[in-house]
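For what it's worth, numbering that gives the first Met the number 0 labels the leading residue of the sequence shown as 0, then goes sequentially.
Have a look at the structure below before the remarks.
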Amino acid sequence: MLFITPFPSQVQNDNIHILVIDDEEEVLKATRDYLVSTFSFMVDTAGSGKEALEKISRNRYDAIIADYIMEDTNGISLLKTIRDDGDDTPVIIFTGKGREDVVIAAFENGADGYVMKGDEIRSQFVDLAKKINTLVQNRRMADSLLEAEGQFKNIYEDSPIAIELYNKDGILIDVNPAFCMLFGVHSPESVRGFSLFSDPQLPDKNLKQIKRGETTRFRTTFDFDLVKEKKLFETRREGKVMLDVQITPMIHGRHQVTGYLVHVTDITKEVQAQEELINQKLLLNRLLETIPSPVFYKDNTGRYMFFNNAFESFVGLTKEEIVGKTVRDFAPKSHADFYTENDIELLNTPKSVSYESRVRLSDGLLRDVIFSKATLLDQNDHIQGVIGIITDVSDIKKAEKEIREKEAYIRTILDNLPIGVAVNSMAPHIGFSYHNKNFLKIFRIPEAALMEPENIWDYIYEDPQLRDEMKRRALEDYASGDLSRMHWDDIPITRKGEEASYVSAMSIPIPSSNLLISTVWDVTARKNFEFELRKTNQILEGMLDGIPDIIGIQNPDHSLIRYNKAGYEILGLSHEEVAGKPCYSLIGRTKPCEICASTRSVQSKKIVTVEKYVPELKRHLICRSNPILDDDGNVQIVVEQLTDITSRKQMEEAINQTNQKLRFLTGLTRHDILNILNAIYYYHELALSDDDPEKSREYIMKAGEAANRIEATIGFTREYEDFGVASSGWQSVYSIIESAKREVNAGSIVISNYISPSLEVFVDPIIRKVFSTLLENAVRHGITITSIRFSAIEKDNDLVIVCEDDGVGIPVENKMQIFGMGYGNHTGIGLFLAREILSITGLSIKEVGEEGKGARFEILVPEGKWRE
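The structure is reproduced here in structure tokens:
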């Protein structure tokens, strides 16, 4: 059933009330005038974040347009404040700040749109107006959607699938009637309050997934008796059922889980049908192998795809020589044409047929046989191919002479088979009615051994312990009647003074008798091959140890099997110290890494590669985990390769620092210049579009004033033209301060340098400008200053470089503002630039002096960024 919900039509611009926020007065006025005159919006303006919040609290706006960088705040901080107040008014960031991280931060904090300044005026405002229209229409449309919620209640109530609704804490708040029927409860009230997270029948793996906000689906055996035992809820059902469960976290916005939706389907009958089908298939395969007549299956192209052992003997070829071949590949042309024509008829007209034929076997003898064939159809009556059985009727058509000849023939075959064959009884006594020579040869026993069948075990097994074990096992396996147990592999046959040989044996009960067909074949060659394979593995291990990367082999639970040589050397541990321990414990952790390639590869059953920094090893690594699956598709082991990329990361960091320097210099002026340029463009566009000469002249004058501001803004950067030319490196703090002292005219002020000459920090060479700026500020603003001291102290493995004086100090209310760009009576850039220079290599600065007792600047150098 479809639910049609009416939505509001396209809104008119004159019905849209928006608020524009920008601390640049020229830009703010030009933006407002353009939006009003060109697009007919109702526009309010605010020149600061504080003013904007006041207007938002008093008025209801359809949309808010905010600049990114403002004097008292920025667009992201203002956006967070608006959202924290519960206001979901659409917000568009409209700025010249075009970094990708700004865009990401805007959307992560709830922005509804982002428009770049600096493009062609008309196109950027058309884009802005279009986004405003779309957001307002969507907002008004959402209100209409609430009306549709009631229409979905019937779907919930009438669903044949059991549905459970949980709140964000995993507490059951409602279920539908299908749930009550499936779980045998009287009403939803009887199960409300049940905890999803405490459900003992919810697998831990799936519980972790839903707590991470991931949808999970799994099959599980649900035990109603356990429900009653644990008193989870009252149910009238008992026993076990197989359920298909899907748990979907309900996400509000991008991250917040508001609840969980659970769908449950009873698949008990489906699973039972699948198991029954598997058992029937196993039974069919076993039956076919015990049928003495050749049985085969050909697909609809005539290729042999399945056959039993008897068919292999019939055509005189091995399985590998038959599979995928047609009858034309090994039958005479006349016979092949007849068989093929008959098969085509069956494929065209599904039916069953039987016909006699005389065939010549691989040994050249002619045999009379009956081919019984039928068209094989699937459950949809689609033709799959042809199945058939070949019945040898030569014995029926011939006299007893032929029967005796056949017996002699079969005996000849058995006598000359490359395997040992015997017909014997096991109960109540062991006895042999037939054996070929290879039976004696492979077991390495004399003919006389079969004359004393009760002592046959003594002849075959010289080792008493092995003899008792094999006798007990054979008798128990035969008594079980389980055909799969009557197959024994790799039995050692030892003789004093001789090399051991290995055999495999199998017994097949002959129906309607107490006889067995016992076969034995020599597997010594295969065992020797396995020995050679072990030698090859040793070579491979040598190659593994030659790999410079760490190679770790571990179980799915992270317990280690072994490392290669590189792994042991880097960890400084031996194999005995590593084996069986979780990999993460070797570096002092109590749980796997948050981003673990092995965990992900076990979950996905695919190769997973992650890059991460391991602080315990002080290395950047690429971790590549390869899950090795068993025949059932389960992860058996995980091979993890760890490649050390620390040197490469250091190179990347150097490149990033250079880029950061360039971005920093351009960023100092780009924002202001772009904003003023946008204002010039706005006034230019307004001057061209206004017919009043006086207003056009006014717009042109304002554009000229803005151009003068651009020239003044660019001027301050000339002093820093060499910033970023040299790479960061280890610098002597003592020498840097001494160099900075020579740049400053301190007059009578005494500058003392108590830094150790051997102390070095990893910084950009322009750090000299940080210390010269500190000295200049102290001389210029200290007033009563007589001395300046530089010293260094170690604190929690970090280094603190101290610059302190005995001047008037800095008022508390100015301590944070002094690092802002434009603060002060001089250029307003010195301490701002000093802080930015330090931050490039991870250093920071703060002022902690006491007003009236002097200024004290502390530069924090993190561990790893200093040495002595």
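The beta carbon of each residue, even a glycine, is placed where N, CA and C say it ideally should be.
This structure is a prediction, so every number in the text was calculated from the model and none was measured.
- Starting from the N-terminal side, write out each stretch of the beta strand (DSSP E) that is 3 residues or longer and does not extend beyond the stretch 359-444. 365-376, 382-391, 419-424, 430-434
- Message: I'd like to confirm the pairing. Which residues does DSSP put opposite GLU593 in its beta bridges?
- Response: None, per the DSSP bridge assignment.
- Neighbourhood of ASP84 by C-beta, 7 Å cutoff - its chain only, sequence neighbours within 5 removed: none
- Message: Distance check for SER838 and ASP763, CA to CA, integer angstroms please.
- Response: 10 Å
- Message: I'd like the list of long-range same chain contacts for GLU867, defined as Cβ closer than 8 Å, with 5 residues on each side in sequence excluded.
- Response: SER755, SER757, LEU758, GLU759
- Simplified DSSP state of PHE295, which is helix, strand or coil: strand
- Bridge partners of ALA739, per DSSP? Bridge partners of ALA739: none, in fact.
- How should HIS619 be labelled, buried or exposed, when 16 other C-beta atoms within 10 angstroms of its C-beta is the threshold for buried? buried
- Task: Could you tell me how far apart the beta carbons of VAL522 and ASP489 are, in whole angstroms, since I believe they sit closer than 8 Å?
- Result: 6 Å
- Measure the C-alpha to C-alpha separation of VAL261 and ILE858 and round it to an integer number of angstroms. 55 Å
- Message: For a test of the three-state rule: what should DSSP assign to VAL26, helix, strand or coil?
- Response: helix
- For ILE160 versus ALA177, is the C-beta spacing smaller than 7 Å? yes
- Query: Going straight from the alpha carbon of ASN625 to that of ALA272, what length do you get?
  - Reply: 35 Å
- Do ASN205 and THR215 come within 7 Å of each other at the CB atom, strictly closer than that value? yes
- Query: In whole angstroms, what separates the C-alpha of LYS239 from that of PHE223?
  - Reply: 6 Å
- Near the ligand SAH: THR214 beta-carbon under 6 Å from a heavy atom: Looking at this structure, you won't find the ligand SAH or any other ligand, since it has none at all.
- Message: Rounded to the nearest angstrom, what separates TRP456 and PRO463 at their Cα positions?
- Response: 10 Å
- Message: Since ASP173 and PRO187 should fall inside the 8 Å C-beta cutoff, what is the C-beta to C-beta distance between them, to a whole number of angstroms?
- Response: 6 Å
- Query: VAL601 and CYS622: beta carbons closer than 7 Å?
  - Reply: no
- Message: Just to confirm, is the Cβ distance from SER786 to VAL847 under 7 Å?
- Response: no
- Task: From the DSSP output, in three-state form, read off ALA791 for me.
- Result: strand
- Item | Residues of its chain near SER8, where Cβ-Cβ distance is below 7 Å and the 5 sequence neighbours each way are ignored | A caution first: SER8 carries a pLDDT of 42, below 50, which makes its placement in the model too unreliable to give a value.
- Query: DSSP three-state call for VAL270: helix, strand or coil?
  - Reply: helix
- At which residues does the beta strand (DSSP E) containing LYS611 begin and terminate? 607-613
- Message: Here's the rule I'm using: 16 or more other beta-carbon atoms within 10 Å means buried, otherwise exposed. How should THR378 be labelled?
- Response: First, the amino acid is wrong: residue 378 is Gln here, not Thr. With fewer than 16 Cβ atoms within 10 Å of its Cβ, GLN378 is classed as exposed.
- The beta strand (DSSP E) enclosing ARG216, as first and last residue numbers: 215-222
- Task: Using a threshold of 7 Å, state whether the C-beta atoms of VAL807 and THR783 are closer than that.
- Result: yes
- Helix, strand or coil for GLN200, going by three-state DSSP, please let me know. coil
- Query: Among the residues of its own chain, which have a CB less than 6 Å from the CB of LYS564, if the five just before and after it don't count?
  - Reply: ASP544
- Same chain, Cβ closer than 6 Å to CYS592, neighbours up to 5 away in sequence not counted: none
- Message: My output table needs one value for LEU572: the three-state DSSP class, helix, strand or coil.
- Response: coil
- Message: How far does the alpha helix (DSSP H) with ALA478 in it extend, from its first residue to its last?
- Response: 463-479
- Query: What's the C-alpha gap between TYR753 and LEU798?
  - Reply: 14 Å
- Message: Under DSSP, the alpha helix (DSSP H) around LYS49 begins and ends at which residues?
- Response: 48-57
- Decide if TYR259 is buried, meaning its Cβ has at least 16 other Cβ atoms within 10 Å, or exposed. buried
- Item | Assumed close pair PHE442, ILE507 - CB separation to whole angstroms, cut-off 8 Å | Their Cβ separation, rounded to whole angstroms, is 18 Å, which puts PHE442 and ILE507 out of contact at 8 Å.
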